[in-house]
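K.L.:
Before I ask anything, here is the structure I am working with.
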Amino acid sequence: MKTLRTFIAVDFPNELIEKIASITTYFKTQLPPRSIKWVDPSKLHLTLKFMGETPIGKLDAIKSSINNVSRSYSAFRVEVVDLGMYPNTKQPRVIWLGISGEENLILLKKQLDRSLEAVGFKPESRAFSPHLTIGRVRRSTNKETVEVIGQSLSQFKVKTLGVVHIEKIVYYQSELTPQGPHYTILQSSPLNQV
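Using the numbering used here, you'd call the opening residue of the sequence shown number 141 and step up by one each time.
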């Protein structure tokens, strides 16, 4: 059975992407080299649902489900604020920017989960915590360097990078390549503008 690796996300405007790019460029000068794999800012998005290997035969039903949700859900605003690390600052693995006003994203995700469950995709069991991953500490990084990264990053405060108007849901195909993931838009579904 032929499959595509897919996910559903919301995108951010270029002005915000440029601000994030300047932050990661600065961090690269402050942190141990080659210890963090930074996300290419042009590929930044907030994932609502990772679908994984998706049978091609289900794509139309998924697109239809996304459209049904987008038509009934109003456009909304979120703010990109804060810098954090998962699981914590002592052993950072993922470096992220937080989202304020995430209630709308959480509700949107719940509606998508309900709609997609009808076409055979179960909701994730873990709670949805909206964030933008900007970097991942490489597995090969030694414990001392990981601690230095956590200490260094915890000194930085990211206030707000701005308010973003979320106006559409984007369904992507993700192809993993040696140069990093390559994303193709399968469908863009505008949210209700009323």
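Built from N, CA and C at the ideal position, the CB exists for glycine as well.
On the three-state DSSP scale, how would you describe Ala201?
P.N.:
Helix at Ala201.
K.L.:
Would you tell me roughly how many angstroms separate the C-alpha atoms of Val259 and Val179, rounded to the nearest one?
P.N.:
Near 32 Å, if we compare the C-alpha coordinates of Val179 and Val259.
K.L.:
Could you give the DSSP three-state label for Glu193: helix, strand or coil?
P.N.:
The answer is strand: DSSP assigns Glu193 an E or B state.
K.L.:
Using only alpha-carbon positions, find the residue among Val209, Lys283 and Val303 that is nearest to Ser328.
P.N.:
Checking every option, the nearest Cα to that of Ser328 belongs to Val209.
K.L.:
Between Leu248 and Val220, how many whole angstroms is the CB-CB distance? I'm expecting something under 8 Å.
P.N.:
Contact flag wrong, Cβ pair sits at about 17 Å.
K.L.:
Please state the DSSP three-state secondary structure of Arg174.
P.N.:
Correct three-state label for Arg174: coil.
K.L.:
Give a yes or no on whether the C-beta atoms belonging to Ile202 and Thr194 are separated by under 8 Å.
P.N.:
The answer is yes: Cβ separation under 8 Å.
K.L.:
Is Leu331 close to chain B, meaning its C-beta is less than 8 Å from at least one C-beta of that chain?
P.N.:
Judged by its chain identifiers, the structure shown contains no chain B, having just a single protein chain.
K.L.:
Less than 8 Å separating the beta-carbons of Gly290 and Gln231?
P.N.:
Yes. Within cutoff.
K.L.:
By a C-beta neighbour count over all protein chains shown, 10 Å radius and 16 as the cutoff for buried, is Ile235 buried or exposed?
P.N.:
So Ile235 ends up on the buried side.
K.L.:
Threshold first: 4 residues or longer. Then list the alpha helix (DSSP H) segments lying entirely within the stretch 272-310, N to C.
P.N.:
DSSP runs (the alpha helix (DSSP H)) wholly in the stretch 272-310: 283-294.
K.L.:
Apart from the five residues on each side of it in sequence, which residues of its chain come closer than 6 Å, Cβ to Cβ, to Asp151?
P.N.:
Within the same chain, Asp151 has close Cβ partners His185 and Val310.
K.L.:
Applying the 10 Å Cβ sphere with the 16-neighbour rule, what's the burial state of Pro181?
P.N.:
Buried: at least 16 other Cβ atoms inside 10 Å.
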